[in-house]
Structure formats: C-alpha cells, structure tokens
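Okay, so the sequence shown: first residue is 23 according to the working numbering, each after it adds one. Cβ coordinates follow ideal geometry from the N, Cα and C atoms, glycine included. Remember, it's a predicted structure, so these values are computed and weren't measured experimentally. Below is one structure, written out as structure tokens; comments come after it.
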Amino acid sequence: LCTSSSLDVEKTSHWFCQLVRSSWLQVPQWHSWHLGFQPRNQSCRLQLSKGRESLMVEMLFGVRQGDSDIFVVSQPTEAQKGSSSITAWPETYTVAELKFFRQITRQLLCESLHLKCLQLFTCILRGTGFSSSIWKTLVMHVLTPLSRWHRSAFARRLWDIMAYLDHCLQLTHLEHFVLGNARLPAEISLLPPMRGLEPPNLFEHLAQDPAALREVRQ
Numbered sequence: 023l024c025t026s027s028s029l030d031v032e033k034t035s036h037w038f039c040q041l042v043r044s045s046w047l048q049v050p051q052w053h054s055w056h057l058g059f060q061p062r063n064q065s066c067r068l069q070l071s072k073g074r075e076s077l078m079v080e081m082l083f084g085v086r087q088g089d090s091d092i093f094v095v096s097q098p099t100e101a102q103k104g105s106s107s108i109t110a111w112p113e114t115y116t117v118a119e120l121k122f123f124r125q126i127t128r129q130l131l132c133e134s135l136h137l138k139c140l141q142l143f144t145c146i147l148r149g150t151g152f153s154s155s156i157w158k159t160l161v162m163h164v165l166t167p168l169s170r171w172h173r174s175a176f177a178r179r180l181w182d183i184m185a186y187l188d189h190c191l192q193l194t195h196l197e198h199f200v201l202g203n204a205r206l207p208a209e210i211s212l213l214p215p216m217r218g219l220e221p222p223n224l225f226e227h228l229a230q231d232p233a234a235l236r237e238v239r240q
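Shown next as structure tokens:
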C-alpha cells in the first residue's frame with residue numbers, strides 16, 4: 023500500500039474497495055441489494071440500490087495522532103485540492119472542532135444560534151473568496167462571551183462576525199482556532215507540542231498577495 027516509504031492514498035482506496043467488494047457476498051442483504059462502486063482516488067464511494075431506493079456512501083480514511091483529537095486523512099484540504107500528492111495525508115481538526123461546538127451547544131440557551139450563523143455564511147455567501155473552514159474559524163473565535171448569544175441577538179451576532187472578518191482582513195491575520203489556542207477547552211485532546219505552538223495565520227497568503235487581498239475585500 024506504499025509508494026517508496028509513504029502510505030499511498032490511491033492504493034489504500036483501491037485496496038479498501040476491493041475488500042468491501044469481496045466481503046459483500048457474506049452480508050445477508052447481498053441478494054436483495056445491488057452494490058456499485060464509483061471511481062474515487064482518495065475515498066471509497068459506493069452505492070446501494072434496491073428498486074427505487076438508493077443510498078450513497080463515501081468513506082474517507084484517517085489515522086489518529088496518538089490519543090489526540092487530531093487526525094491525518096486521505097481527503098485534501100480546500101487549499102490543497104488539485105495539487106495534492108498521492109502520499110499526502112493532511113491534518114484535520116474536524117473532530118476537535120466538533121467537540122468544541124458540542125460543548126458550546128450544551129452551554130447556550132439558544133443551542134443552535136451559532137450553527138445558524140455558520141450555515142448562513144457557508145451557504146449564502148459561498149463564492150465570496152472565503153472557504154467554509156474560514157467562516158467556521160471566524161464563528162468559533164466570536165463565540166465568547168456566551169452570554170451574548172441569544173435568539174433576539176441573531177442579527178447582532180452576524181454583524182459581529184462580519185466586523186471580526188473586516189478586522190482580520192485589515193491586519194491580514196486570522197489565527198488558527200485549534201493550534202496554539204490557550205483557551206481551548208481541556209476536554210479537547212491535543213498532542214502536548216500543539217498547545218504551545220504559535221497559532222498559524224490563516225490569512226498569511228493574503229498578506230503575501232496584495233491583489234488577492236483587494237479581491238476578497240471588494
């Protein structure tokens with residue numbers, strides 16, 4: 023499954039799909055459901071169908087780093103799409119972010135307000151030059167203090183997020199929410215060196231490219 027000394031994403035995907043295919047005949051439902059595969063280089067995508075019923079499933083591959091909530095995965099990040107190597111397994115902080123959102127949801131009186139804000143920005147403002155991960159980072163940064171997050175303040179919180187974005191663009195600096203965040207809840211597990219890191223600047227590319235900065239600020 024390796025190319026040179028590194029785990030190959032495409033070989034892993036092909037091997038897993040073959041494993042599923044060969045195991046399917048051992049499943050009791052095999053005679054009533056049709057199993058089909060759709061070619062994918064970085065995941066295993068299969069379709070189960072029976073008559074007019076159809077279910078699409080896509081499985082990604084990941085490796086957990088120690089006992090932390092940080093994984094390396096077969097799916098390239100938004101910035102890496104189109105240029106990712108077959109032996110590249112980028113880090114993902116999705117599990118850590120999910121645990122953070124779950125903790126916030128338990129504490130908020132209006133438990134879904136922050137998620138509605140995030141949905142608004144990622145869906146309605148799609149194509150404005152900012153990825154969904156950037157909007158998610160912005161929302162996570164403005165979630166404190168929690169006392170401000172109540173249903174009647176929905177419009178105000180949207181304004182806060184946009185104001186924070188404008189502030190970060192002026193500085194061309196948006197800190198990564200997980201890495202190096204001293205305020206991250208203790209229940210989110212990181213490898214010890216990760217807590218002491220200088221938070222990466224997610225707007226570093228804008229600081230180095232004035233033309234790109236002008237474009238996203240239009």
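- Glu-209 sits in coil when the DSSP states are folded into three classes, being neither helix nor strand.
- With fewer than 16 neighbouring CB atoms inside 10 Å of its own CB, Ile-146 falls in the exposed class.
- Beta-bridge partners of His-56 (DSSP): Ser-71.
- Taking a contact to require three or more Cβ pairs closer than 8 Å, the stretch 191-199 and the stretch 219-227 qualify as touching.
- Nearest neighbour of Ser-96 by Cα position, chosen from Ser-35, Lys-121, Val-42, turns out to be Ser-35.
- Each of Val-79, Trp-37, Phe-123, Pro-221 was checked against the Cα of Leu-57, and the nearest Cα belongs to Val-79.
- Taking C-beta separations shorter than 8 Å and ignoring five residues to either side along the sequence, the partners of Tyr-186 in its chain run Leu-160, His-163, Val-164, following chain order.
- The beta carbon of Ser-71 is closer than 6 Å to those of His-56 in its chain, skipping five residues each way along the sequence.
- In the DSSP annotation of this structure, the continuous segment of the beta strand (DSSP E) that includes Phe-93 starts and ends at 93-95.
- The beta carbon of Met-216 sits closer than 6 Å to the beta carbons of Leu-201 from its chain, once the five residues preceding and following it are set aside; these are given in chain order.
- Distance between Phe-93 and Arg-62, taken at the CA atoms: about 21 Å.
- One Cα belongs to Phe-143, the other to Ser-27, and the distance between them is close to 41 Å.
- Under the three-state reduction of DSSP, Ser-45 is assigned to helix.
- Per DSSP, reduced to three states, the secondary structure at Arg-86 is strand.
- For the options Gln-240, Glu-220, Ser-211, Arg-236, the alpha carbon positioned closest to that of Gly-88 is the one of Ser-211.
- Straight through space, the alpha carbons of Leu-235 and Ala-229 are spaced by roughly 7 Å.
- In the displayed model, Glu-80 falls within a strand according to three-state DSSP.
- Thr-166 carries a coil assignment under DSSP once its states are collapsed to helix, strand and coil.
- Rounded to the nearest whole angstrom, the CA to CA distance from Thr-25 to Gln-64 is 15 Å.
- Listed as beta-bridge partners of Cys-66 by DSSP are Met-81.
- Around the beta carbon of Asp-91, 16 or more other beta carbons sit within 10 angstroms, so the residue counts as buried.
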